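Asker:
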Amino acid sequence: MRKPFNNLGYYVKEAKTLFQTDFLSNISSIISIGLIFFVLALVISGWKIINHTIGIVENEAEINVYFDDILDRQDIAYLKDDIAKIHGVEKVTYIDKNESYNRMEKILGRESHVLSLFDENPFTPFIEIQIHMGEVEHILNELENIDSIEYIRDNKEIIDRLKGIVILLKILGVLALLAVGVSTLIIVSHIIRQGIYTNKEQIKTLKLLGAPDVFINLPFLLEGLFLTVSGSIIASLFLIITVKYGYGKIGTILPFIPLPSSVGLIANVVITILSISGILGVIGSFFGLRPSQ
Numbered sequence: 017m018r019k020p021f022n023n024l025g026y027y028v029k030e031a032k033t034l035f036q037t038d039f040l041s042n043i044s045s046i047i048s049i050g051l052i053f054f055v056l057a058l059v060i061s062g063w064k065i066i067n068h069t070i071g072i073v074e075n076e077a078e079i080n081v082y083f084d085d086i087l088d089r090q091d092i093a094y095l096k097d098d099i100a101k102i103h104g105v106e107k108v109t110y111i112d113k114n115e116s117y118n119r120m121e122k123i124l125g126r127e128s129h130v131l132s133l134f135d136e137n138p139f140t141p142f143i144e145i146q147i148h149m150g151e152v153e154h155i156l157n158e159l160e161n162i163d164s165i166e167y168i169r170d171n172k173e174i175i176d177r178l179k180g181i182v183i184l185l186k187i188l189g190v191l192a193l194l195a196v197g198v199s200t201l202i203i204v205s206h207i208i209r210q211g212i213y214t215n216k217e218q219i220k221t222l223k224l225l226g227a228p229d230v231f232i233n234l235p236f237l238l239e240g241l242f243l244t245v246s247g248s249i250i251a252s253l254f255l256i257i258t259v260k261y262g263y264g265k266i267g268t269i270l271p272f273i274p275l276p277s278s279v280g281l282i283a284n285v286v287i288t289i290l291s292i293s294g295i296l297g298v299i300g301s302f303f304g305l306r307p308s309q
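Each residue of the sequence shown is one higher than the last, beginning at 17 in the numbering used here.
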């Protein structure tokens, strides 16, 4: 078992020679693989970001209840008590007009100056209800039976849409992975076969001298592995630039969107595509070597 690894230096040197023999073709293959893996990395990143957003929204799930203007303080207190008794309700908070105005100012950020166009505070008081997301249907049904409630606003529709996007991204992810797998296997196996054809005389000589298949094939396998891993490294660099730029833009335009840590996201996706590239590199090399065996 140790023999093949005792000649590791030789295998690496031979793999380097194979790469340099058809240098331009190998470089173009690395770039192609890099772009393919970059698309996969973007799909995986989008899926993870949406999943994170759904988790945050679900954990902070809330319903806003708007009531009749004729209700006085005591009526509002009674209404809060009735709402608090509903199963699945975790917290009930009264938000007055001023607090509602201040919240909108924070959401609008630099654009909050538009609020000064109103002569009076345009917002109305409401009751904010923090809920357990699994009980949302039951809670909404109970709230609809309370006469003094005029309007109910919840984020269930938003969550449902986000979940729909996640399902779509998962489908795209599977399709992208299949496309990446097939494309990478074709590219790597073609490069390996081309290398075998170019070096067929040397391979014949080695076989006549009694060299085992492992001795002949391992440099080609290392070349295939180098192609895919190099491509995934290029994809990782593109991903780092894209995520940093994208996070900067989103943070400026939509500061209220909950995003996962950029460092954690990048690390997770990079490890994933490096692992996939290594596996595909080995499999693609074996496919390329099969005709020669």
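Beta carbons are placed, not taken as given, at the ideal position from N, Cα and C, and that holds for glycine. Small disclaimer: the values here were computed from a predicted structure and weren't measured.
Helix, strand or coil, according to DSSP, for residue 153 in the structure here?
Answerer: Here residue 153 sits in helix by DSSP.
Asker: Tell me whether the beta-carbon of residue 263 lies closer than 9 Å to the beta-carbon of residue 252.
Answerer: The answer is no: Cβ separation not under 9 Å.
Asker: Identify whether residue 140 lies in helix, strand or coil by the three-state DSSP scheme.
Answerer: Coil at residue 140, not helix or strand.
Asker: What separation, rounded to the nearest whole angstrom, lies between the Cα atoms of residue 81 and residue 193?
Answerer: Going by the C-alpha atoms only, they are around 44 Å apart.
Asker: Applying the 10 Å Cβ sphere with the 16-neighbour rule, what's the burial state of residue 109?
Answerer: Residue 109 is exposed by the Cβ-count criterion.
Asker: With distances taken between CB atoms, is the gap from residue 156 to residue 176 smaller than 9 Å?
Answerer: It is not a contact, given that the beta carbons lie outside the stated cut-off.
Asker: Assuming residue 152 and residue 172 are in contact, meaning their beta carbons sit under 8 Å apart, how far apart are those beta carbons, in whole angstroms?
Answerer: Correct: roughly 5 Å between the Cβ atoms.
Asker: Between residue 95 and residue 52, is the Cβ-Cβ spacing less than 9 Å?
Answerer: Result no, Cβ atoms of residue 95 and residue 52 do not sit closer than 9 Å.
Asker: Under a Cβ-count criterion, where at least 16 other Cβ atoms within 10 Å of its own Cβ denotes burial, should residue 47 be classed as buried or exposed?
Answerer: It counts as exposed.
Asker: Residue 286 and residue 255 look like a contact to me (Cβ under 8 Å); what is the Cβ gap, rounded to whole Å?
Answerer: Contact flag correct, Cβ pair sits at about 7 Å.
Asker: Name the two residues that bound the continuous beta strand (DSSP E) containing residue 89.
Answerer: Note, residue 89: premise wrong, no beta strand (DSSP E); alpha helix (DSSP H) at 89-100.
Asker: Can you name the start and end residues of the alpha helix (DSSP H) that residue 28 belongs to?
Answerer: Segment 24-37, the alpha helix (DSSP H) holding residue 28.
Asker: Since residue 83 is in the beta strand (DSSP E), which residue starts that stretch and which ends it?
Answerer: It spans 78-83 - the beta strand (DSSP E) in which residue 83 sits, taken as one unbroken run.
Asker: Count the other C-beta atoms from every protein chain shown that fall within 10 angstroms of the C-beta of residue 42, then say buried if there are 16 or more, exposed otherwise.
Answerer: Under this definition residue 42 is a buried residue.
Asker: Kindly confirm or deny that the segment 64-73 and the segment 209-220 touch, where touching means at least three C-beta pairs closer than 8 Å.
Answerer: Because the criterion of three Cβ pairs below 8 Å is not met, the segment 64-73 and the segment 209-220 do not touch.
Asker: Does the beta carbon of residue 236 fall short of 8 Å from some heavy atom of the ligand HEM?
Answerer: The ligand HEM is not part of the structure shown, which contains no ligands of any sort.
Asker: Quick one: Cα of residue 238 to Cα of residue 206, how far?
Answerer: Taking the straight line joining both Cα atoms gives about 15 Å.
Asker: So, is residue 184 buried or exposed, given that buried needs 16 or more other C-beta atoms within 10 angstroms?
Answerer: Residue 184 is exposed by the Cβ-count criterion.
Asker: Residues in the same chain with beta-carbon distance under 6 Å from residue 116, minus the five sequence neighbours each way, listed in chain order, please.
Answerer: Around residue 116: 139.
Asker: Distance, Cα to Cα, residue 259 vs residue 61?
Answerer: The alpha-carbon atoms of residue 259 and residue 61 are separated by roughly 9 Å.
Asker: Rounded C-beta distance between residue 241 and residue 294? I'm assuming under 8 Å.
Answerer: About 6 Å; that satisfies the 8 Å criterion.
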